[in-house]
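Heads up: the sequence shown runs through residues 32 to 176, numbered per the working numbering.
Every residue gets a Cβ at the ideal spot worked out from N, C-alpha and C, and that includes glycine.
What you are looking at is a predicted structure, and each value in this text was computed from that prediction instead of being measured.
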Amino acid sequence: MPALVTLGQAALESGWGAHAPGFNFFGIKAKASMPENMRQLLKTKEVMSRPDAKFPEVISVTPRPDGKYDYVVRDWFRVYPDAATAFSEHGSFLARNKRYAKAFAVTHDPYAFATEVARAGYATGPTYGRELHAVMRMIEKAGGG
Numbered sequence: 032m033p034a035l036v037t038l039g040q041a042a043l044e045s046g047w048g049a050h051a052p053g054f055n056f057f058g059i060k061a062k063a064s065m066p067e068n069m070r071q072l073l074k075t076k077e078v079m080s081r082p083d084a085k086f087p088e089v090i091s092v093t094p095r096p097d098g099k100y101d102y103v104v105r106d107w108f109r110v111y112p113d114a115a116t117a118f119s120e121h122g123s124f125l126a127r128n129k130r131y132a133k134a135f136a137v138t139h140d141p142y143a144f145a146t147e148v149a150r151a152g153y154a155t156g157p158t159y160g161r162e163l164h165a166v167m168r169m170i171e172k173a174g175g176g
């Protein structure tokens, strides 16, 4: 998987590393059935197409002009023992989930890879792909890609 995408997602999802509780730099969700030491309940924002989406805790639901709904919720997220494990697991997570298969067909092009990851639903925000591309460009300009 392209390193630039890994760096871009880590920066975007964690606010450049400022918000990575449990070393979860990538905003990877957890299942409620996972062992307690592997999950944490965190406040997050989601954009959903239905007003009755289910989460462990719904704080607010606000209709959007585009017909979707902005949610503020608490949801389960993965916990990792350290940053190295989180970065390693990120690539494995994408590779083992069939919905990201189109991304792995374009590993030679980080921007196409990022677009396919966004299209596959990595995040619920409708501008996630554009935001990820912008962060990737910033990393490239800084010499990190």
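Residue 50 sits exposed, since fewer than 16 C-beta atoms from the chains shown fall within 10 Å of its C-beta.
Setting aside the 5 residues that flank it on each side, residue 91 is surrounded in the same chain by 103, each with a C-beta closer than 6 Å to its C-beta; the list follows chain order.
Per DSSP, residue 129 is not a residue of any beta strand (DSSP E), being assigned neither H nor E.
Assignment of beta strand (DSSP E) within the stretch 76 to 109, counting only whole runs of 3 or more residues, yields 88 to 94 and 100 to 109 in chain order.
In the DSSP assignment, residue 45 falls within the alpha helix (DSSP H) that extends over 34 to 45.
Residue 61 is positioned such that its CB atom lies closer than 7 Å to that of residue 107. Taken through DSSP and simplified to helix, strand or coil, residue 74 comes out as strand. For residue 110, the closest C-alpha among the options 152, 85, 40 and 65 is that of 65. Between residue 145 and residue 78, the gap from beta carbon to beta carbon reaches 7 Å or more. The C-beta of residue 70 has 16 or more other C-beta atoms within 10 Å across all chains shown, which makes the residue buried. Minimum Cα-Cα distance from residue 151 among the listed residues 112, 139, 166 and 126 corresponds to 126. Annotation for residue 142: the continuous alpha helix (DSSP H) segment containing it runs 141 to 150. Per DSSP, reduced to three states, the secondary structure at residue 62 is coil, with no helix or strand assignment. A buried status is given to residue 58, since no fewer than 16 other beta-carbon atoms sit within 10 Å of its beta-carbon.
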